[in-house]
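S.K.:
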Amino acid sequence: MKPGEVRSPESGPARVIVIGCGIGGITTALALAQKGVKATVYERAQEIREVGAGLQVGPNAVRILERLGVTRYLTQAIVLPDRAVMRDIRTGEEVFAIQFGDQFTKRYGAPYQVMHRGDLLAALVRTAQETGLVSIVPAKELIGVEQDADTVTATFADGSSALAEVLVGADGIRSHVRRILGDNEPPLASTYAIYRGTFDRTDDIENAVTLQVGHEHHVMYYPIKAGTMVNLVCSFRSVTDAPGGDAWGAITELDDRFAGANPVVRRAVRQLDRSKRWTQFDRAPQPGWVQGRIVLTGDAAHPTHQYFAQGACQAMEDGIELAELIANSDDLSDRLQEFEERRYPRTSAVQRGSRFWGEWSHVGGAEAVRRDEVLRSVAPDIYRHLDWLYGNDPTAPIPRIPESRDDYEVIASERAAYDKRVTAS
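Per numbering that gives the first Met the number 0, the sequence shown runs over residues 0 to 424.
#1: In angstroms with no decimal places, state the Cα-to-Cα distance between residue 410 and residue 306.
#2: Output yes or no for whether 8 Å exceeds the beta carbon distance between residue 139 and residue 43.
#3: Could you work out which residue in 18, 110, 32 is closest to residue 61 when comparing CA atoms only?
#4: Considering only residues of the same chain and omitting the five flanking positions on each side of residue 405, which have a CB-CB separation below 6 Å?
#5: Assuming residue 381 is part of the alpha helix (DSSP H), what are its boundary residues?
#6: Residue 233 and residue 218: beta carbons closer than 8 Å?
#7: Anyone know if the C-beta pair for residue 156 and residue 24 falls short of 8 Å?
#8: For the region 160-179 against the region 33-47, are there 3 or more C-beta pairs whose distance is under 8 Å?
#9: With a CB to CB cut of under 6 Å and the five nearest residues on each side skipped, what residues in its chain are close to residue 179?
#10: Among residues of its own chain, excluding the 5 on either side of residue 243, which ones have a beta-carbon nearer than 8 Å to its beta-carbon?
#11: Which full runs of the beta strand (DSSP E) of 3+ residues lie inside the region 184-220, going along the chain?
#12: Following the continuous beta strand (DSSP E) through residue 343, name the residue where it begins and the one where it ends.
#13: In whole angstroms, what separates the C-alpha of residue 230 from that of residue 196?
#14: Cβ of residue 135 within 8 Å of Cβ of residue 63?
#15: If you run the structure through DSSP and keep just helix, strand and coil, what is residue 11?
#16: To the nearest angstrom, report how far apart residue 12 and residue 166 are at their CA atoms.
#17: I need the DSSP call for residue 232, collapsed to helix, strand or coil.
#18: Could you check if residue 164 is buried or exposed, using at least 16 other CB atoms within 10 Å of its CB as the buried criterion?
#19: Would residue 290 and residue 349 qualify as a contact pair, given that the criterion is a beta-carbon distance under 8 Å?
#20: Quick one: give me the first and last residue of the alpha helix (DSSP H) that residue 53 is part of.
#21: Report yes or no: do three or more beta-carbon pairs, one from the region 69-82 and one from the region 91-103, lie closer than 8 Å?
#22: Determine the direct distance from the alpha carbon of residue 91 to that of residue 261, and round the result to whole angstroms.
#23: Does the distance from the C-beta atom of residue 370 to that of residue 209 stay below 8 Å?
#24: Check whether the Cβ atoms of residue 133 and residue 28 sit closer than 8 Å, and answer yes or no.
#25: Residues in the same chain with beta-carbon distance under 8 Å from residue 356, minus the five sequence neighbours each way, listed in chain order, please.
#26: Quick check on residue 303: buried or exposed, where buried means 16 or more other Cβ atoms within 10 Å of its Cβ?
#27: Between residue 417 and the rest of its own chain, which residues show a CB-CB distance below 6 Å, the 5 nearest in sequence each way excluded?
#28: Where in the region 278-344 do unbroken runs of the beta strand (DSSP E), each at least 3 residues long, occur, reported from the N-terminal end onward?
#29: Distance, Cα to Cα, residue 228 vs residue 198?
#30: Between which two residues does the alpha helix (DSSP H) containing residue 162 stretch?
#31: I'd like to know whether the C-beta atoms of residue 53 and residue 389 end up nearer to each other than 8 Å.
#32: Going by beta-carbon coordinates alone, are residue 256 and residue 280 separated by less than 8 Å?
#33: Taking the runs of the alpha helix (DSSP H) that are 4 residues or longer, which of them lie wholly in the region 86-116?
#34: State the Cα-Cα distance for the pair residue 275 and residue 415, rounded to the nearest angstrom.
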């Protein structure tokens with residue numbers, strides 16, 4: 000939609016305000032609309048678009064997209080990888096693989112998909128607008144929320160306000176709604192610097208989600224855009240400065256760290272966008288997503304690292320679960336606390352598990368040898384270990400996940416920016 004364009008519902012005021020028109024926010028609005036609940040989505044940005052590039056969509060989220068009728072707009076955008084494979088970054092030797100064939104699809108009721116984030120957001124927006132019950136309003140910066148026994152009111156920087164029964168904070172890891180609920184702590188930074196890029200696919204890039212790992216560094220890549228392009232993410236522990244510092248994650252350190260990689264990785268690393276270095280953030284699991292008529296979802300509630308490829312997927316699960324619980328209530332706020340109680344154990348496991356998998360992927364020496372032996376030993380029965388994450392059984396036991404070993408801290412630049420936003424609001 001064009002910047003500033005407002006698409007209004009067919010009739011009547013919205014019963015739900017959603018703050019944030021990312022993948023999680025628009026999924027929530029769409030899921031509510033398909034149950035007859037009007038929603039208005041307010042987005043801070045001037046236009047509705049998704050930053051970033053590639054996105055992995057596990058079968059737990061693909062089932063949601065199929066249920067919501069979104070996949071019909073993704074036919075040309077989807078890539079179905081044959082497998083996920085881990086390789087040794089020095090030699091290129093295959094360590095471990097998960098096959099995404101018929102057995103996988105049958106077990107989980109949907110395939111594993113990869114696509115461009117923008118394609119998915121566009122399909123969600125289009126489907127939501129077709130319901131006639133979702134309006135999307137860009138250029139709306141939230142500055143305050145007030146609530147009473149019956150309603151919640153959002154106020155925006157332009158002086159406007161909006162009234163509804165429930166407000167959903169789907170406004171990301173630096174959520175203003177989360178701060179309104181009383182959490183003024185910035186997210187936690189990882190010591191791993193991230194660079195991203197896309198490039199034209201070549202013959203040496205198989206149709207797979209490929210993770211190449213080494214001691215304290217890795218690359219992840221897979222085809223997108225109907226298999227014509229490759230999405231690339233490169234990460235390494237920077238030791239030259241504190242996270243976010245001027246010398247942290249510098250280009251020279253990037254090149255030095257990957258100089259010993261195999262030829263496929265070295266060629267891929269040359270395709271990175273070197274003008275932008277990313278810091279990876281998350282939070283430790285923390286309850287308190289609900290206060291009266293306000294509820295947090297997605298990264299606002301449970302931000303996670305990239306290693307499980309489940310951030311967007313869990314946000315979509317939130318949207319479906321929230322709609323299921325509240326849509327048939329006379330007072331939509333009645334079951335918000337139940338939403339948190341249902342979702343918290345699962346999302347917390349994803350947060351902890353993502354940290355663990357990232358840390359385990361980056362071990363070296365004897366630890367890496369032992370890791371590879373463990374992965375090869377579980378390979379014949381790997382689906383059993385994935386059932387809790389990808390399956391459709393809500394009673395599937397959540398695995399015990401080891402405690403984190405790496406450092407995750409609030410960095411000075413993030414604290415300063417966060418404090419400035421808190422003071423301004």
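Even glycine gets a Cβ: it sits at the ideal position worked out from N, Cα and C.
Note that the structure is a prediction, hence the values are computed from the model and not measured.
M.R.: With the given structure in hand:
#1: Going by the C-alpha atoms only, they are around 21 Å apart.
#2: Using a Cβ distance threshold of 8 Å, residue 139 and residue 43 count as a contacting pair.
#3: Ranked by Cα distance from residue 61, the options 18, 110, 32 are led by 110.
#4: 358.
#5: Judged by DSSP secondary structure, residue 381 falls within the alpha helix (DSSP H) whose first and last residues are 381-389.
#6: Contact: yes.
#7: At a Cβ-Cβ threshold of 8 Å, residue 156 and residue 24 do not count as neighbours.
#8: Contact between the region 160-179 and the region 33-47 is present, because at least three Cβ pairs lie under 8 Å.
#9: Listed in chain order, the non-local C-beta contacts of residue 179 below 6 Å within the same chain comprise 144, local neighbours out to five positions each way being set aside.
#10: Here the set comprises 188, 278, 410, 411, 412, 413.
#11: Listed in chain order, they are 187-199, 207-213.
#12: From DSSP, residue 343 is part of no beta strand (DSSP E) but of the alpha helix (DSSP H) over 335-360.
#13: So the alpha carbons of these two residues sit roughly 6 Å apart.
#14: Contact flag unset, no.
#15: Coil at residue 11, not helix or strand.
#16: In this structure, the straight-line span from the alpha carbon of residue 12 to that of residue 166 is close to 14 Å.
#17: Under the three-state reduction of DSSP output, residue 232 falls in the strand class.
#18: Classification for residue 164: buried.
#19: Their beta carbons are not under 8 Å apart, which means residue 290 does not touch residue 349 by this criterion.
#20: It is not in any alpha helix (DSSP H) - residue 53 instead sits in the beta strand (DSSP E) that spans 53-56.
#21: Touching, yes, given that three or more Cβ pairs across the two stretches are closer than 8 Å.
#22: Rounded to whole angstroms, residue 261 to residue 91 spans 6 Å at the Cα level.
#23: No, these two residues do not count as a Cβ contact at 8 Å.
#24: In this structure, residue 28 lies closer than 8 Å to residue 133 by Cβ.
#25: 306, 307, listed in sequence order.
#26: Classification for residue 303: buried.
#27: Cβ neighbours of residue 417 beyond the five flanking positions: 185.
#28: Note on the region 278-344: whole beta strand (DSSP E) runs with a minimum of 3 residues are 293-295, in chain order.
#29: So the two alpha carbons sit approximately 6 Å from each other.
#30: No alpha helix (DSSP H) contains residue 162, which is instead part of the beta strand (DSSP E) from 160-163.
#31: In this structure, residue 389 does not lie closer than 8 Å to residue 53 by Cβ.
#32: Contact: no.
#33: Complete alpha helix (DSSP H) runs here, min 4: 101-107.
#34: Answer to the nearest angstrom: the Cα atoms are 21 Å apart.
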